[in-house]
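The listed protein sequences correspond, in order, to chains A and B.
Numbering-wise (this note's numbering), the first sequence opens with residue 1 and increments by one.
Numbering-wise (this note's numbering), the second sequence opens with residue 1 and increments by one.
Protein chains: 2
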Amino acid sequence: MGSLTEENYIKSIYALSEATGEVYVSELAKKLDVKLPSVNSMVKRLATKKLVAYAPYKGIKLTEKGKKEALAIIRKHRLAELFLVKVMGLGWEEVHDIAEQLEHVNSSRFYERIDELLNRPKFDPHGEPIPDSNGKIYNQQRTSLIDLEEGLTATITAVTEDEKSFLDHLNAKGLQIGDSVTIMKREMFDGSITLQHKSKKEILLTHQVAERIWVEVTVTRS
Amino acid sequence: MGSLTEENYIKSIYALSEATGEVYVSELAKKLDVKLPSVNSMVKRLATKKLVAYAPYKGIKLTEKGKKEALAIIRKHRLAELFLVKVMGLGWEEVHDIAEQLEHVNSSRFYERIDELLNRPKFDPHGEPIPDSNGKIYNQQRTSLIDLEEGLTATITAVTEDEKSFLDHLNAKGLQIGDSVTIMKREMFDGSITLQHKSKKEILLTHQVAERIWVEVTVTRS
DNA sequence: ATAATATGTTAGATGACTCTAATATTTTAA
DNA sequence: TTAAAATATTAGAGTCATCTAACATATTAT
Ligand SMILES: [Mn+2]
Ligand SMILES: [Mn+2]
Ligand SMILES: [Mn+2]
Ligand SMILES: [Mn+2]
Chain A
1 MGSLTEENYI KSIYALSEAT GEVYVSELAK KLDVKLPSVN SMVKRLATKK LVAYAPYKGI
61 KLTEKGKKEA LAIIRKHRLA ELFLVKVMGL GWEEVHDIAE QLEHVNSSRF YERIDELLNR
121 PKFDPHGEPI PDSNGKIYNQ QRTSLIDLEE GLTATITAVT EDEKSFLDHL NAKGLQIGDS
181 VTIMKREMFD GSITLQHKSK KEILLTHQVA ERIWVEVTVT RS
Chain B
1 MGSLTEENYI KSIYALSEAT GEVYVSELAK KLDVKLPSVN SMVKRLATKK LVAYAPYKGI
61 KLTEKGKKEA LAIIRKHRLA ELFLVKVMGL GWEEVHDIAE QLEHVNSSRF YERIDELLNR
121 PKFDPHGEPI PDSNGKIYNQ QRTSLIDLEE GLTATITAVT EDEKSFLDHL NAKGLQIGDS
181 VTIMKREMFD GSITLQHKSK KEILLTHQVA ERIWVEVTVT RS
């Protein structure tokens with residue numbers, strides 16, 4: 001295991017490569033909120049340790065070893081989040097920041113026990129898959145709310161955003177993982193969407209919010 | 001809050017001052033397993049931050065501010081240990097090392113929740129008192145097993161040693177916090193002690209082990 | 001093909017924390 | 001009261017992780 005800083009670099013490289021394919025030094029700098037030369041020297045160090053392969057202007061790629069480390073950290077992060085919600089009774093909007101710290105705890109006993117208590121869970125409180133202890137990740141097929149036709153009914157499976165303000169927003173709207181929603185109206189003008197919710201209420205979501213909500217279609221046009 | 005390193009210095013200074021009164025740079029170096037000059041410069045830094053008062057050859061003293069920080073860390077450590085035992089089902093011999101990491105987690109929510117779940121506990125799994133959120137600590141009067149006369153019966157209230165090997169040793173002997181024991185024999189020659197235990201077994205403890213076990217006398221000589 | 005833009009590097013410095021080697025001061029004991 | 005022992009300090013250097021300022025290279029758009 002590397003230092004805390006190293007772990008955060010590895011994790012960010014993994015996240016960016018999932019999101020955008022190529023990972024540039026400059027992108028990483030923005031994500032980690034450090035300056036370019038800092039990233040430049042750290043990437044060199046990671047390359048020396050065979051955690052990444054780096055070709056200037058071509059991007060940074062995690063090696064197998066690096067990927068394995070990233071997945072181990074993500075596993076710990078997501079197990080921690082679920083534990084905080086299920087066992088400790090915290091809200092899904094307040095666990096990410098704590099998990100950012102707990103993911104660096106070095107104790108197989110601790111995480112083995114969490115995994116056991118939660119009965120080898122497959123998803124975190126935000127619907128993100130939890131890699132198993134070998135780093136294997138179950139990748140669901142994902143459809144965003146913004147891609148659904150009017151009239152369709154779907155179940156919310158995940159949200160791709162950990163930020164408290166976003167989750168507070170969903171809480172205020174009364175939306176949760178597992179909720180069933182029907183698309184009532186898609187606005188051409190601003191991309192906003194009106195949903196019919198199990199609570200019987202109609203909910204309006206902006207494009208910006210809807211695109212971060214992932215669903216599985218359960219009922220096709222009636 | 002200071003850095004992780006700073007927190008560990010503060011905690012060690014507190015522990016040493018409880019144990020031996022005066023805390024010398026040299027003692028601290030031994031405890032933290034770093035060299036003298038490292039401690040020397042860190043102590044200067046802590047003094048600049050008004051966390052300690054330092055007079056060479058006279059010892060290091062925590063200021064009120066430093067004491068408060070130490071107690072906050074100790075509180076987190078002990079809450080974590082108890083949580084790991086009571087909620088997560090780990091053994092008292094394996095929680096210290098994990099708590100050494102969890103004590104640095106910065107989240108009042110996390111610790112507030114642990115405190116609540118455990119119902120504002122007063123003692124950790126080793127019988128050590130847990131400071132309250134104001135840093136107030138309930139200091140029990142302590143009698144060591146080695147100070148009991150033959151024939152007395154007492155209850156084990158605490159052990160002053162977190163090391164796994166020591167606690168493994170007690171586990172092997174079948175001794176736990178709360179157990180009632182009667183002093184059968186005190187050996188003059190080597191200071192060892194023979195106990196009658198609730199399990200009906202006789203248990204022999206060396207002086208080295210017995211002196212780390214604290215008790216409350218429940219039955220005086222019959 | 002040149003200019004503009006995106007992307008990356010080098011040099012040199014800083015702060016936190018650590019080390020070794022050499023030296024200094026204070027306390028205590030003979 | 002001098003020597004020995006305990007305690008502490010300074011000087012100088014190294015690693016990790018960061019920064020600013022200046023410069024360099026590659027990609028792309030005109
Ligand atoms: Mn998260
Ligand atoms: Mn999550
Ligand atoms: Mn402990
Ligand atoms: Mn303890």
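Quick reminder that beta carbons are idealized off the backbone N, C-alpha and C, glycines included.
If distances are taken between C-alpha atoms only, which option among the options comes closest to residue i?
i: Arg212/A; options: Val159/A, Val52/A, Ala154/A; result: Val159/A
i: Pro129/A; options: Ala47/A, Leu46/A, Ala72/A; result: Ala72/A
i: Lys65/B; options: Asn171/B, Phe83/B, Gly135/B, Leu170/B; result: Gly135/B
i: Ile114/B; options: Asp97/B, Asp132/B, Gly127/B; result: Asp132/B
i: Glu7/B; options: Lys76/B, Val25/B, Leu36/B; result: Lys76/B
i: Glu165/A; options: Ser3/A, Ala53/A, Asp97/A; result: Strictly speaking, residue 165/A in this sequence is Ser, with Glu absent from that position. Looking at the Cα atoms, Asp97/A is the closest of the given residues.
i: Glu233/B; options: Val87/B, Glu150/B, Lys173/B; result: One cannot answer for residue 233/B here, as it falls past the ends of chain B, which runs 1 to 222.
i: Lys58/A; options: Ser144/A, Gly21/A, Val34/A; result: Gly21/A
i: Arg170/B; options: Ile137/B, Met184/B, Leu195/B, Leu32/B; result: Rather than Arg, the amino acid found at residue 170/B in this sequence is Leu. With distances taken between Cα atoms, Leu170/B lies closest to Leu195/B.
i: Gly174/B; options: Leu152/B, Leu204/B, Leu145/B; result: Leu204/B
i: Gly191/B; options: Val217/B, Asp147/B, Ser107/B; result: Asp147/B
i: Leu32/B; options: Lys50/B, Ile193/B, Tyr9/B; result: Tyr9/B
i: Phe47/B; options: Val215/B, Asn139/B, Thr63/B, Ile156/B; result: Inspection of the sequence shows that residue 47/B is occupied by Ala rather than by Phe. Here the closest residue by C-alpha is Thr63/B.
i: Tyr111/B; options: Val39/B, Ser38/B, Ile74/B, Lys185/B; result: Ile74/B
i: Met88/B; options: Leu118/B, Val217/B, Lys61/B; result: Leu118/B
i: Asp168/B; options: Arg109/B, Val95/B, Trp214/B, Val105/B; result: Val95/B
i: Leu16/A; options: Asn139/A, Ile60/A, Val105/A; result: Ile60/A
i: Ala55/B; options: Lys49/B, Trp214/B, Val23/B; result: Val23/B
i: Val217/B; options: His207/B, Ala154/B, Ser3/B, Lys185/B; result: Ala154/B
i: Ile156/A; options: Arg109/A, Glu27/A, Val34/A, Trp214/A; result: Trp214/A
i: Met1/A; options: Lys49/A, Val25/A, Ala53/A, Glu27/A; result: Lys49/A
Within 10 Å of its beta-carbon, does residue i have 16 or more other beta-carbons around it, so buried, or fewer, so exposed?
i: Thr182/A; result: buried
i: Val219/A; result: exposed
i: Arg120/B; result: exposed
i: Ser12/B; result: buried
i: Glu116/A; result: exposed
i: Glu163/B; result: exposed
i: Leu90/A; result: buried
i: Glu93/B; result: buried
i: Arg142/A; result: exposed
i: Tyr14/B; result: buried
i: Asp124/B; result: buried
i: Glu18/B; result: exposed
i: Leu36/B; result: exposed
i: Ala210/B; result: buried
i: Ala251/A; result: Missing from the structure shown is residue 251/A; chain A here goes from 1 to 222 and no further.
Below 7 Å, is the gap between the Cβ of residue i and the nearest heavy atom of ligand 3?
i: Asp162/B; result: yes
When you measure from the CB of residue i to every non-hydrogen atom of ligand 1, does any distance come out below 7 Å?
i: Ala99/A; result: yes
i: His77/A; result: yes
Could you check if residue i belongs to the surroundings of ligand 2, using beta carbon to heavy atom distance under 7 Å?
i: Gly125/A; result: The sequence given here places Pro at residue 125/A; Gly does not occur at that position. Yes, Cβ of Pro125/A sits closer than 7 Å to a heavy atom of ligand 2.
i: Glu216/B; result: no
i: Glu128/A; result: yes
Regarding residue i and ligand 4, is the C-beta to nearest heavy atom distance less than 7 Å?
i: His96/B; result: yes
i: Glu81/B; result: yes
| said: With three or more beta-carbon pairs closer than 8 Å as the criterion, would you say the stretch 197–215 of chain A touches the stretch 162–182 of chain A? | reply: yes
| request: Please determine if the stretch 36–43 of chain B and the stretch 72–89 of chain B are in contact, where contact requires at least 3 C-beta pairs separated by less than 8 Å. | output: no
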